[in-house]
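Residue numbers are given in our numbering: position 172 of the sequence shown equals residue 172, and the series is strictly consecutive. Ideal Cβ placement from N, Cα and C applies to all residues, glycine included. Below is one structure, written out as structure tokens; the observations come after it.
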Amino acid sequence: MIEGFESFAERIIQQLELVLNQSDVPDPLLEAMRYGVLNGGKRIRPTLVYLSCDVLGTDLVLADKAACAIELVHAYSLIHDDLPAMDNDDFRRGKPTCHIKFDEATAILAGDALQTLAFEILAGETLLAADTRLSLISELARSAGASGMIAGQVIDLSAENELIDALGLENMHRRKTGDLISTCLKFGAIIAGADLQTREAMHQYGLALGLAFQIKDDILDVTGDEQTIGKPIGSDAGNEKSTFVSVHGLEEATCKLNQRLVEAKAALEPLGSRAKPLHKIADFIIRRNL
């Protein structure tokens with residue numbers, strides 16, 4: 001959980017339990033879905049959904065399904081990323097990955113089911129107006145789709161065993177990580193009915209924050225503690241993946257991390273003092289050790 005934001009993490013776990021309490025889904029599929037979603041994690045993305053709503057003065061009840069949808073899509077992406085055909089990882093968060101815990105076919109289907117469930121719960125959220133639901137669905141489909149997160153994964157896979165340049169690396173992670181994190185912030189603005197300036201501020205903050213998050217991940221892959229981060233240190237280098245550290249070096253990557261933090265905070269200037277909680281969570285992202 002994120003220090004200072006524990007209530008959001010506790011709330012999303014409760015909401016996910018409700019969403020995943022589906023008696024008509026057969027086992028082991030339901031068990032695999034629950035394993036992929038509820039088996040630990042920092043809950044940063046749904047926390048950002050709640051936080052963006054909170055700073056804009058919106059009741060968190062209106063954000064529950066949106067926060068769940070984001071976390072379901074994130075969980076599906078991790079299940080699929082870990083598969084033998086992609087990153088071929090046996091452990092995540094210190095525990096067996098979904099295809100190791102169950103089997104490859106079940107893991108694929110669990111990921112598929114989580115992705116479709118995300119859109120189902122957004123479409124069915126009657127607390128929100130139909131046009132708001134449509135905007136949320138459209139935004140999530142864009143950021144998680146073929147020009148967003150999936151495009152980033154395609155670039156990542158194609159770049160294995162090759163040295164990617166700095167611009168290519170940033171493009172890859174802006175799509176793979178930054179787009180979905182930006183959507184978390186835009187969700188709050190959409191639900192709050194915020195003006196275009198506020199939506200753009202949230203969007204730019206989210207993109208910068210997403211890149212900062214990825215840079216910190218790359219730094220931790222070199223400097224972190226294996227027991228803390230839940231995977232072998234140097235796993236990206238072992239898989240011959242381009243990272244901000246491999247492309248820029250540790251010192252320059254750290255400089256870029258701090259630059260992204262400055263950019264993220266600057267993007268929030270239109271929000272004035274309301275942005276303080278978003279500044280705080282950005283500070284957490286660059287200080288974290290997992």
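| Sheet register partners of ARG92 (DSSP bridge) | LYS95
| Same chain only: Cβ atoms within 7 Å of ALA208, ignoring 5 sequence neighbours per side | ARG260, GLU263, ALA264 and ALA267
| Can you give the Cα-Cα distance for GLU6 and ASN289, rounded to whole angstroms? | 17 Å
| field | Where the alpha helix (DSSP H) through GLU160 begins and ends | value | Premise fails: GLU160 is in no alpha helix (DSSP H) and is neither H nor E.
| Could you give the distance in angstroms between the alpha-carbon of ALA63 and the alpha-carbon of GLY41? | 20 Å
| query | So, are the CB atoms of LEU271 and ALA201 less than 8 Å apart? | reply | yes
| query | Taking 7 Å as the cut-off, does the CB of ARG34 come closer than this to any heavy atom belonging to the ligand PLP? | reply | Among the components modelled here there is no ligand, and therefore nothing to report on the ligand PLP.
| Cut-off 7 Å between Cβ atoms - residues of its own chain near GLU125, not counting five sequence neighbours on either side | LYS65 and ARG133
| query | Below 8 Å, can you find three or more Cβ-Cβ pairs linking the region 144 to 158 to the region 8 to 15? | reply | no
| task | With a threshold of 16 other CB atoms inside 10 Å of the CB of LYS343, please say whether the residue is buried or exposed. | result | Only positions 1 to 290 of the chain appear in the structure, and residue 343 is not among them; the question remains open.
| message | I need the DSSP call for THR126, collapsed to helix, strand or coil. | response | coil
| DSSP state of THR116, grouped into three classes? | helix
| field | Helix, strand or coil at ASP59 according to DSSP, with G and I counted as helix | value | coil
| message | Less than 8 Å between the beta carbons of ILE100 and ASP90, yes or no? | response | yes
| said: Using only the alpha-carbon positions, how far apart do ILE108 and ILE215 sit? | reply: 28 Å
| Can you give the beta carbon distance from PRO96 to ALA67, rounded, assuming they're within the 8 Å contact cut? | Not quite, the Cβ-Cβ distance comes to about 27 Å (not below 8 Å), so this is no contact.
| Helix, strand or coil: which one does DSSP assign to LYS276? | helix
| Which residues bound the alpha helix (DSSP H) around GLY41? | No alpha helix (DSSP H) holds GLY41; DSSP gives it neither H nor E.
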